[in-house]
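The sequence shown begins at 844 in our numbering and counts up by one. Here the structure comes first, spelled out in structure tokens, and everything after it is commentary.
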Amino acid sequence: MSGEQDSVAGARTKKNGAAAGNGAGHRRLVIVESPTKARKIAPYLGGGYVVESSVGHIRDLPRGAADVPAQYKGEAWARLGVDVDNGFKALYVVTPDKKSKVTELKGLLKDVDELYLATDPDREGEAIAWHLLETLKPKVPVRRMVFHEVTEQAIRAAADSTRELDADLVDAQETRRILDRLYGYEVSPVLWKKVMPKLSAGRVQSVATRIVVERERERMRFTSASYWDVSATMDAGEEASPRNFSARMVAVDGARLATGRDFGSDGQLKASNNEVRVLAEADARRLAEALKQRDFKVASVEEKPYTRKPYAPFMTSTLQQEAGRKMRFTSERTMRIAQKLYENGYITYMRTDSTTLSESAISAARSQATQLYGKEYVSPTPRQYTRKVKNAQEAHEAIRPSGEVFRTPGQVAGELDTDEFRLYEMIWQRTIASQMADAKGTTMSVRIVGNATSGEECTFAASGRTITFAGFLKAYVEAVDTETGGEADDKQSRLPVLEKDQALTATELSPDGHTTSPPARYSEPSLVSKLEELGIGRPSTYASIIKTIQDRGYVWKKGSALVPSWVAFAVIGLMERHFERLVDYDFTAGMEDELDRIAAGDEQRAQWLSKFYFGGDMGVDGSIGRLGGLKKLVEGSVEDIDAREINSIPLFSDENGHTVVVRVGRYGPYLEREVDGTSQRANLPEDLPPDELTQEIAEKLFATPQEGRTLGTDPVSGHEIVAKEGRFGPYVTEVLPEIEIPEDATAAQKKAAKAKAPKPRTGSLFKSMDIETITLDDALKLLSLPRVVGKDPESGDEITAQNGRYGPYLKKGTDSRSLSTEDQLFSITLEEALKIYAEPKQRGRSATAKPPLKELGEDPVSKKPMVVKDGRFGPYVTDGEYNATLRKGDEIESLTAERASELLAEKRAKGPAPKRKAPARKPASTTAKTVKAGTTKKAAAAKSTTAKRSSSTATKAK
């Protein structure tokens, strides 16, 4: 099914009032996106409603030529899916996997009197509703039903107060979809030609990638600086509480000592800080010694009241950041869990950039805070958190527990899995805390002076913070980014009561050395924060943006840090030089504002797209439209792009002045430098972060010859044996003589002759071997593999011992079994092999049991121990139920329990591998009549028998 985009003529946001025809004979079809949501809301609506799901989007622009309907095959624009010469009309096609769903929905429409489109309350939900309307072409009245939480009261209210489709929201969403298609289809082919096939560019993903690349460039340019000071433990006397406290030297003879913030990224003092003194190690040690046994006194005491106001309730971006910091969730994982909580009626809609709460929510939060913590802990007046909401399409309330009375974490513990419970608890805590009283306390800043025996007056500083009234901190404390030096709001550091000129003694004086650190790499939470700060993208898109740049290979994870690939460096370098405006932060943020004008009805979609694509008077000076449009920009730049220059990333000069560069080739990145007119190359390990590629490492890589280290000659074949460093690790191989091909042979004949030529034997080095020390005998043993162990006396099948990319194994026909050690390849006997095959297969993997490589503790979901094991396809983490392969950047030695549980959660969310099914029967629609009260009671009873988790905040507060 296909159709061109039509306007939503006459549709505007307005209330229809109570649903027409509420008589008993009326039947209404309600369509939501999710089967879960359909099952949840059906009982709330009663017998006159049939609730069914579309299972997400039902149509989209063509994904390729095969998707284009026959009547459009000859059109030049059909594969693009947008007729740029005819008002930018879009060609939408029903995706193959949704054709049966469309047929089902059309069938249900025949038996109802009204259609309610109840998709999500945002721009994308509005567009899905419009696509349903265009595809189903209903002949019955159509109403738009909107709700922000899945509760009985909210669902009934939404059904009684419907509206028409909002044409402006639909236009805004479709403009974004068409814009992204134009951007991708115009710019991505440039990357294929100039960098590498199968790459992609995107309006927001390219800018997000640039942010990560720029941070890595900062780290690569960074030069560390060192500085010293002296730390002291001061004694305030027996009567003081606490008696001892810490202080640090901050000045010598009135000159302030340099700290990390005084240095630039070049390792030099900033121009504005020339008057500070950089204390050298020798001076620090001398002063520490010269201050021993000296008298100190308090030079000044400054005490101030401390007040901290509560945090605003969660919106999408802050929820992703906090879940990332507090629970180590990825943005995608956070949104997946939040979606389940919303659809099952636990929280309000999770895609929002609003921090406001409804009056009923404020009342519920204040009431619950009073019950749990006491009246004195609740704000004297209701708190409302307002901010400028740039995106009119988002839901207009913060993320909070659903309903007019919030369920405590203890009340829902038995109904949620661990991840759901943790996220709900955090949302509940944050919402309650938002209506509580300010935290109060005092801060103290003290200056202490002492004279060294060498005559210098040395000034020390100490600071403290004491919380006298916890207020909202009793309910919730926001996590901090420790890499940036953050400090928790509830952290206290008490100082004793001190007075000016009070005598002190130093019980310990230690010279301390410090070095400046490069800016931390972005993590998912900090990248979300940066995107929000720059106004790039919208909160609802952050999770998909971060997932996309990882899936495309532009970014990979090392622990929680986001590391750009060398391909990302090449792509961003090309974009910056030739399509600068497309990755400009201000331009991209400004474009979001322009798109929001379409959502508000202040801009016409087709005109805006025409100016963007073909050029026109739009946006600020230097915008794409004013530069002649996207089409002209791309077409005019392609021929000017030097592919070799773009794919060369200069690093540094070696000790002989030769420039070392990373080249991004068709088969991956490699190192290169020119020495005496000859190109010298070296393979780059895939898991080496760009900023860790030092001159020392580069020299080591160059020292490994590309042609390999000659080990000797095979006495049997007479072929030379060499050891080489390959993309997937070191290996040995034989050098075969070149085949003779007649000079007059055609290209096809030469290709055929090469294809028939014998292939050299190869063998990966064992983990215990080193390319620098491997001998000819070792290599010949590796090349002798696979080794025939013997024949199975029952089946007659030959059993061989082989060394694969992921470890040693036995093979008998199609049955493979892993071996415990590489040495077994040469030592295992037929009897031992038959014994292995006599053992049952383990979890679908034909492997013998191996001891775990690492134990990581209990998985918070399955409550089973997590261990790292070595499998056929590399190391993986398992809890005995699910196996998750370690990703690029995950190292066994540094793998944490949090990261392991995250990998298992992602694997668990994907569910078991799909199995072949018999043709499915047409599913029955979900109706209110099919929900039996008895079933609900049984389910509730079953849940109540589940062992509940420890209740958390609510229980503790009581």
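All C-beta atoms in this analysis are idealised placements derived from N, C-alpha and C, irrespective of residue type, glycine included.
In angstroms with no decimal places, state the Cα-to-Cα distance between residue i and residue j.
{"i": "Thr1358", "j": "Thr1302", "result": "22 Å"}
{"i": "Ser877", "j": "Glu1186", "result": "8 Å"}
{"i": "Glu1351", "j": "Met1077", "result": "7 Å"}
{"i": "Leu976", "j": "Asn929", "result": "23 Å"}
{"i": "Arg1660", "j": "Gly1257", "result": "42 Å"}
{"i": "Lys904", "j": "Val936", "result": "Sequence inspection shows Leu at residue 904; the Lys mentioned does not correspond to that position. In a straight line, the C-alpha of Leu904 is about 6 Å away from that of Val936."}
{"i": "Arg1686", "j": "Gly1639", "result": "Because the pLDDT of Arg1686 is 49, which lies under 50, any placement of that residue in the model is unreliable, and the number read from its coordinates should be weighed accordingly. Whole-angstrom Cα-Cα distance: 26 Å."}
{"i": "Glu1132", "j": "Asn1490", "result": "56 Å"}
{"i": "Glu1202", "j": "Val898", "result": "33 Å"}
{"i": "Lys1037", "j": "Met1418", "result": "11 Å"}
{"i": "Glu1219", "j": "Ala1280", "result": "8 Å"}
{"i": "Lys1760", "j": "Asp1196", "result": "Note that Lys1760 has pLDDT 48, beneath the 50 cutoff, so the model's placement of it is unreliable and the number below is only indicative. So the alpha carbons of these two residues sit roughly 42 Å apart."}
{"i": "Glu1237", "j": "Ser1353", "result": "Any reading at Glu1237 is ruled out, since the residue's pLDDT is 45, under 50, leaving its predicted position unreliable."}
{"i": "Leu1531", "j": "Lys1401", "result": "10 Å"}
{"i": "Ala1740", "j": "Leu1619", "result": "43 Å"}
{"i": "Lys1772", "j": "Glu895", "result": "Because Lys1772 sits at a pLDDT of 36, beneath the cut-off of 50, its placement in the model cannot be relied upon, and the following sentence gives the value as read from the coordinates. Computed Cα separation, rounded: 13 Å."}
{"i": "Arg1764", "j": "Gly1378", "result": "Because the pLDDT of Arg1764 is 46, which lies under 50, any placement of that residue in the model is unreliable, and the question is left without a value."}
{"i": "Pro1585", "j": "Val1711", "result": "55 Å"}
{"i": "Pro1603", "j": "Pro1528", "result": "24 Å"}
{"i": "Arg1019", "j": "Phe1312", "result": "49 Å"}
{"i": "Arg1006", "j": "His991", "result": "15 Å"}
{"i": "Arg1337", "j": "Glu1330", "result": "15 Å"}
Starting from residue i, follow the beta strand (DSSP E) in both directions and report where the run begins and ends.
{"i": "Leu1130", "result": "Note, Leu1130: premise wrong, no beta strand (DSSP E); alpha helix (DSSP H) at Glu1124 to Ala1133."}
{"i": "Asp1072", "result": "Ser1069 to Asp1078"}
{"i": "Gly1700", "result": "Lys1697 to Glu1701"}
{"i": "Leu1514", "result": "Gly1511 to Val1518"}
{"i": "Phe1139", "result": "Phe1139 to Arg1151"}
{"i": "Pro1368", "result": "Premise fails: Pro1368 lies in the alpha helix (DSSP H), Glu1367 to Leu1377, not in any beta strand (DSSP E)."}
{"i": "Lys1655", "result": "Gly1650 to Lys1655"}
{"i": "His1421", "result": "That residue, His1421, is in no beta strand (DSSP E); its alpha helix (DSSP H) goes Trp1409 to His1421."}
{"i": "Ile874", "result": "Arg871 to Val875"}
Among the options, which one has its Cα closest to the Cα of residue i?
{"i": "Ser1383", "options": "Met1178, Val873, Phe1172 and Leu1112", "result": "Met1178"}
{"i": "Gly1616", "options": "Lys1624, Ser1560, Arg1552 and Met988", "result": "Reading off the sequence shown, one finds Thr at residue 1616, where the question assumed Gly. Here the closest residue by C-alpha is Arg1552."}
{"i": "Leu1130", "options": "Ser1174, Ser1074 and Gly1650", "result": "Ser1074"}
{"i": "Ala970", "options": "Ala1001, Glu1081, Leu1347 and Ala1442", "result": "Ala1442"}
{"i": "Val1414", "options": "Val1323, Arg1506 and Glu1367", "result": "Arg1506"}
{"i": "Gly1422", "options": "Lys1475, Tyr1397, Tyr1652 and Trp1399", "result": "As written in the sequence, residue 1422 is Phe, which differs from the Gly given in the question. With distances taken between Cα atoms, Phe1422 lies closest to Lys1475."}
{"i": "Lys941", "options": "Met1269, Leu960, Arg902 and Glu957", "result": "Arg902"}
{"i": "Leu1452", "options": "Ala1002, Arg1024 and Gln1164", "result": "Arg1024"}
{"i": "Gly1569", "options": "Phe1457, Gly1511 and Val925", "result": "Gly1511"}
{"i": "Ala1002", "options": "Ile874, Gly1656 and Thr1173", "result": "Ile874"}
Determine whether the beta carbon atoms of residue i and residue j lie at a separation below 8 Å.
{"i": "Ile1492", "j": "Trp1409", "result": "yes"}
{"i": "Ala1276", "j": "Tyr1228", "result": "no"}
{"i": "Tyr1428", "j": "Val1055", "result": "no"}
{"i": "Arg1156", "j": "Ile1242", "result": "Per the sequence shown, the amino acid found at residue 1156 is Pro instead of Arg. Yes, the pair counts as a contact, with Cβ atoms nearer than the cut-off."}
{"i": "Glu1517", "j": "Arg1524", "result": "no"}
{"i": "Ser1069", "j": "Gly1356", "result": "yes"}
{"i": "Ile1029", "j": "Leu1473", "result": "The displayed chain sequence assigns Glu, not Ile, to residue 1029. Contact flag set, yes."}
{"i": "Pro1225", "j": "Arg1209", "result": "yes"}
{"i": "Thr1556", "j": "Ile1614", "result": "no"}
{"i": "Ser1174", "j": "Ile1389", "result": "yes"}
{"i": "Ala1322", "j": "Glu1165", "result": "yes"}
{"i": "Met1092", "j": "Asp1105", "result": "no"}
Is there at least one Cβ from chain C nearer than 8 Å to residue i's Cβ?
{"i": "Lys1634", "result": "Included in the structure is just one protein chain, with no chain C present."}
How far does the alpha helix (DSSP H) with residue i in it extend, from its first residue to its last?
{"i": "Ser943", "result": "Lys942 to Leu952"}
{"i": "Gln1182", "result": "Ser1174 to Glu1186"}
{"i": "Lys1594", "result": "Ala1590 to Lys1599"}
{"i": "Tyr1216", "result": "Glu1202 to Tyr1216"}
{"i": "Phe1430", "result": "Tyr1428 to Ala1442"}
{"i": "Ser1670", "result": "Gln1667 to Ser1670"}
{"i": "Tyr1574", "result": "Note, Tyr1574: premise wrong, no alpha helix (DSSP H); beta strand (DSSP E) at Gly1572 to Val1578."}
{"i": "Trp973", "result": "Arg966 to Leu979"}
Shorter than 7 Å, the distance from the beta carbon of residue i to the closest heavy atom of the ligand FAD, or not?
{"i": "Val1518", "result": "The ligand FAD is absent from the structure shown, which contains no ligands of any kind."}
Review point. Is there contact here, the stretch 1136 to 1152 with the stretch 1286 to 1296, by at least three beta-carbon pairs under 8 Å?
Key: yes
Check your understanding: With contact counted as at least three CB pairs below 8 Å, one residue from each stretch, are the stretch 1391 to 1405 and the stretch 1362 to 1370 in contact?
Key -> Short answer: they touch.
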